[in-house]
Amino acid sequence: MKNIKAKNTECHDIIEDDVFKNLSEAIGFRNSMIHDYMNFNDDVLN
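Residues 54 to 99, numbered by the numbering used here, are exactly what the sequence shown covers, in order.
Printed below as a string of structure tokens:
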């Protein structure tokens, strides 16, 4: 497995690509859920 280097650090081989991909997808999903919740209009429930 290939590893990703951390940005703005001198450390190498911080996290494996598949772990980074999974974490990025989870963070993106969380962010989209937060965005949808913040834009939710309660009037549709009435």
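Quick reminder that beta carbons are idealized off the backbone N, C-alpha and C, glycines included.
Check                                                                 : Outcome
I68 in three-state terms, based on DSSP                               : strand
Cα-Cα separation between E69 and F93, rounded to whole angstroms      : 36 Å
Coarse secondary structure for F73, derived from DSSP in three states : helix
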